[in-house]
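Enquirer: Convert by adding 37 to the 1-based position in the sequence shown; the result is the number in this note's numbering. Cβ coordinates follow ideal geometry from the N, Cα and C atoms, glycine included.
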Amino acid sequence: LYKTAMMLARLNKRNVVVDAYCGIGTIGMIAAAKAGEVIGVEQNPAAVRDAVRNAKENEVKNIRFVTADATRWLLTAAEQRLPLDVLLMDPPRSGSTPEFLSAAVKMAPRRIVYISCCPETQARDLSLLQKNGYRVTLLQPVDMFPHTEHIENIAVLERQSVR
38 LYKTAMMLAR LNKRNVVVDA YCGIGTIGMI AAAKAGEVIG VEQNPAAVRD
88 AVRNAKENEV KNIRFVTADA TRWLLTAAEQ RLPLDVLLMD PPRSGSTPEF
138 LSAAVKMAPR RIVYISCCPE TQARDLSLLQ KNGYRVTLLQ PVDMFPHTEH
188 IENIAVLERQ SVR
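(1) Quick one: Cα of N99 to Cα of A69, how far?
(2) At the level of alpha carbons, what is the spacing between R200 and L121?
(3) Should T104 and V75 be called a contact, given that it needs their Cβ atoms to be closer than 7 angstroms?
(4) Roughly how many angstroms lie between the CA atoms of T134 and D162, to the nearest whole one?
(5) Considering only DSSP beta bridges, list what P178 is partnered with.
(6) Classify E79 as buried or exposed, calling it buried when 16 or more other Cβ atoms lie within 10 Å of its own Cβ.
(7) In this structure, how does DSSP classify R47 when only helix, strand and coil are distinguished?
(8) Can you tell me where the alpha helix (DSSP H) with D162 in it begins and where it stops?
(9) Using only alpha-carbon positions, find the residue among E189, F102, A83, E96 that is nearest to Q159.
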């Protein structure tokens, strides 16, 4: 799943990447190998402590973690005009929030890689992004749970217009 997501993100050392809903930082640390700077955002303080420890133990130096609600953090980052090239997001089963997605659109990353364990909420969120200047360029299901009804899905969106 993560290898595919990183391939689809098409990162380079000039990229500023946000890993929203980062948990213990796994996706962001994998991205850091190819990106210039990664910021992981997670509201669970214990998960952020683990993420910081994981980055230190794995000697990942171009990543930092923020303990914050992803929606509120992204709204503030958008207001501050934080540069963002690629947004990686792996929200909970309930999906993202309209406010988070609006802030993402305002920040205008050239690419969004959205990993989801719930195709229904992902479709809802993709619809909002598509109405605001993004185009879905690829959908890639990944069967992480054979012989069950559950599936992970990676959606790649490209910015079509700057808002």
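Expert: So, to answer that:
(1) Residue 99 sits at position 62 when you count from the first residue of the sequence shown. Residue 69 sits at position 32 when you count from the first residue of the sequence shown. So the alpha carbons of these two residues sit roughly 6 angstroms apart.
(2) Sequence index remark: in the sequence shown, residue 200 carries index 163 (1-based). Sequence index remark: in the sequence shown, residue 121 carries index 84 (1-based). Model confidence at R200 stands at a pLDDT of 46, short of 50, so the residue's coordinates are unreliable; what they give is reported in the following sentence. If you take the alpha carbons of R200 and L121, they lie about 14 angstroms apart.
(3) By one-based count along the sequence shown, residue 104 stands at place 67. By one-based count along the sequence shown, residue 75 stands at place 38. Not a contact, by the Cβ cut-off of 7 angstroms.
(4) The count along the sequence shown starts at 1 and reaches residue 134 at position 97. The count along the sequence shown starts at 1 and reaches residue 162 at position 125. The straight-line gap from Cα to Cα measures roughly 8 angstroms.
(5) For this step, residue 178 is matched to residue 141 along the sequence shown. According to DSSP, which records beta bridges pairwise, P178 is partnered with N190.
(6) Position 42 of the sequence shown, counted from the first residue, corresponds to residue 79. With 16 or more other Cβ atoms within 10 Å, it is buried.
(7) Here residue 47 refers to the residue found at position 10 of the sequence shown. Residue state, collapsed to three classes: coil.
(8) As a working mapping, residue 162 is identified with position 125 in the sequence shown. D162 -> alpha helix (DSSP H) spans 156-167.
(9) Reading the sequence shown from its first residue, position 122 is the one you call residue 159. When each option's Cα is compared against that of Q159, the closest is E189.
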